[in-house]
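Below: the structure, in structure tokens.
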Amino acid sequence: MHEVALSSVHTHGGRIDRQELRQAGERLLQALADGSLLAPDRRVFAFDALPNPLRALKGGSGHAVASCADHHNMSCKRKIAMDLGIAGRWALVCASSKGLGKGCAMALAREGVNLVVNARGSEALEATAAELRALNPAIKVRSVAGDIGRNEVRRAALDACPQVDILVNNAGGPPPGDFRDWTREDWLRAVEANMLTPIELIRATVDGMAARGFGRVVNITSAAVKAPIDILGLSNGARSGLTGFVAGLARQPNLAGRNVTLNNLLPGAFDTERLRQTLSTTAQASAQSPEAIGEQRRRGIPAGRFGSSDEFGAFCAFLCSVHAGYMTGQNLLLDGGHYPGTF
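Numbering that gives the first Met the number 0 puts the first residue of the sequence shown at 0, with every later residue one more than the last.
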């Protein structure tokens with residue numbers, strides 16, 4: 000990589016002239032945007048080594064990178080990092096030892112958010128907590144193992160968080176199957192995990208968010224809320240209840256008017272254990288292999304692939320950012336284009 004020097008910026012008594020620095024930064028970013036910094040003998044220019052004041056022009060610790068895969072025809076890919084404005088905030092992320100919850104925790108850690116992570120299995124949870132600390136040593140990471148649906152675990156998770164600025168509600172989906180085989184207890188467990196527990200956490204946190212003038216609640220539900228899947232009846236029903244509740248709560252002026260947003264993320268087919276479980280159940284009923292069922296499912300997605308937890312987490316982090324304050328009460332579908340409707 001080639002560093003770009005700020006040769007036009009002068010110092011006065013050891014201090015950088017802020018006006019000159021801003022002008023230099025604007026010139027660099029404009030050159031990055033229009034491609035004029037790219038020369039035939041250079042493929043990549045990196046700006047992350049520039050002084051902190053210049054990086055502050057982008058609002059924080061973000062950096063800009065331009066890369067050119069084919070410098071002969073100047074077909075280039077550029078990335079300018081966005082400062083999400085949430086560094087130093089505290090987030091409680093449920094069911095975050097793996098899968099989509101872990102993807103959200105990792106994305107928030109990259110943005111400098113302090114984390115309380117939770118999952119039932121302590122071993123996997125501690126491994127994830129270690130990953131998060133290694134990813135960003137500047138943040139605080141606290142882990143609370145146990146079923147978040149239990150009052151004492153929920154209380155411990157809330158107590159571990161000095162203040163919940165960001166709440167990511169997530170729970171493993173109920174098992175797939177035929178509704179004829181489900182008992183009343185099956186339904187109650189599904190509603191407890193996927194509707195009532197998120198509501199309890201929301202009730203415990205949103206008023207404090209409103210008092211501080213900032214809050215983000217993201218509920219990870221399912222694409223099945225928008226396009227029900229027959230074998231996921233327990234999930235369809237329980238998550239739809241949460242969706243209806245959030246639709247009303249998010250529009251209360253004492254929350255929306257105090258910069259507190261509540262949104263639902265509806266994942267389609269992501270490469271997770273949950274997807275593999277669903278494929279296995281479908282395969283058993285159809286006498287096909289899970290691999291064959293998976294390939295059929297993949298071919299039905301316009302994107303031609305399953306989603307990744309990293310990209311899901313990145314979208315979640317944006318919803319939690321200062322830039323998403325005007326979006327609330329929405330059900331946001333991430334499914335690679337699989338849903339065929341207009342709305």
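Beta carbons: idealized from backbone N, C-alpha and C, even for Gly.
- Its chain contains A104, M105, A108, L114, V116, I138 and V140 as the residues whose beta carbon lies nearer than 8 Å to that of L131, once the 5 sequence neighbours on both sides are disregarded; these appear in chain order.
- Rounded to whole angstroms, the Cβ separation of S234 and N193 is 7 Å, and the two are in contact under 8 Å.
- With fewer than three CB-CB distances shorter than 8 Å, the stretch 329 to 338 does not count as touching the stretch 277 to 291.
- When secondary structure is reduced to three states using DSSP, V112 falls in the coil class, being assigned neither helix nor strand.
- In this chain, N253 is not harboured by any beta strand (DSSP E); it is covered by the alpha helix (DSSP H) spanning P252 to A255.
- The C-beta of M208 has 16 or more other C-beta atoms within 10 Å across all chains shown, which makes the residue buried.
- DSSP places A237 in the uninterrupted alpha helix (DSSP H) bounded by G232 to L248.
- Nearest to L124 by C-alpha distance, out of T341, G267 and C93, is C93.
- Around the beta carbon of L134, fewer than 16 other beta carbons lie within 10 angstroms, which makes this residue exposed.
- Note that the C-beta distance between L241 and I198 is below 8 Å.
- Per DSSP, N150 lies in no beta strand (DSSP E) segment; the continuous alpha helix (DSSP H) that holds it begins and ends at N150 to A159.
- Of the residues S95, A118 and T327, the one whose Cα lies closest to the Cα of A249 is T327.
- The beta carbons of L166 and I201 sit closer together than 8 Å.
- About 6 Å separates the Cβ atoms of I85 and S320, confirming a contact at the 8 Å cut-off.
- With 16 or more other Cβ atoms inside 10 Å of its own Cβ, T204 counts as buried.
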